[in-house]
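Notes follow once the structure below has been shown.
In my numbering, the protein residues as written are 13 to 198.
Given below as structure tokens:
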């Protein structure tokens, strides 16, 4: 039996984080297995592809370099994804990677469009806020727009997870804010 078949069989049944850790460790110790686990993120069986993405999310935390060549592909998959759990995992993987320059406008638009969308899960909304901030760090002229959007959000109407993402992002903005030369003159 090939390794990809072993992974598929393991991902075909209900699993928890306890089941994920051994797969992450195995792939970490045998990087040649990474293409197999990544290939399963496109499996025709949604539960297998979602669970393979979960493994990839954990791998992206310890081996972000493995995903850098896949950056544009991951964005494309995210933009076409309809499964909430998979969207959250794609965003999480992308969040673990260095931001590619120039900044992906489709990714930034995705984040702006979905950060407060009631059609999205709490996890997707919160990650969109965090990812938008990371992208705007590379495009400082957009940081003001993000600040206005976040400051105008009435956090009492959002879930705790989204409200916390808003507050924490605004705190980061304030702590990293460096006044413009003309602000000192005002």
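All C-beta atoms in this analysis are idealised placements derived from N, C-alpha and C, irrespective of residue type, glycine included.
In this structure, the CA atom of residue 186 is about 23 Å from the CA atom of residue 169. DSSP places residue 47 in the helix class (H, G or I) of the three-state scheme. For residue 34, the enclosing alpha helix (DSSP H) starts and ends at 29-41. Boundaries of the alpha helix (DSSP H) around residue 117: 117-126.
Taking C-beta atoms under 8 Å as the contact rule, residue 142 and residue 181 qualify, at a distance of about 7 Å. Listed in chain order, the non-local C-beta contacts of residue 116 below 7 Å within the same chain comprise 87, local neighbours out to five positions each way being set aside. A check of alpha carbon separations from residue 101 across 112, 72, 48, 80 identifies 72 as the nearest.
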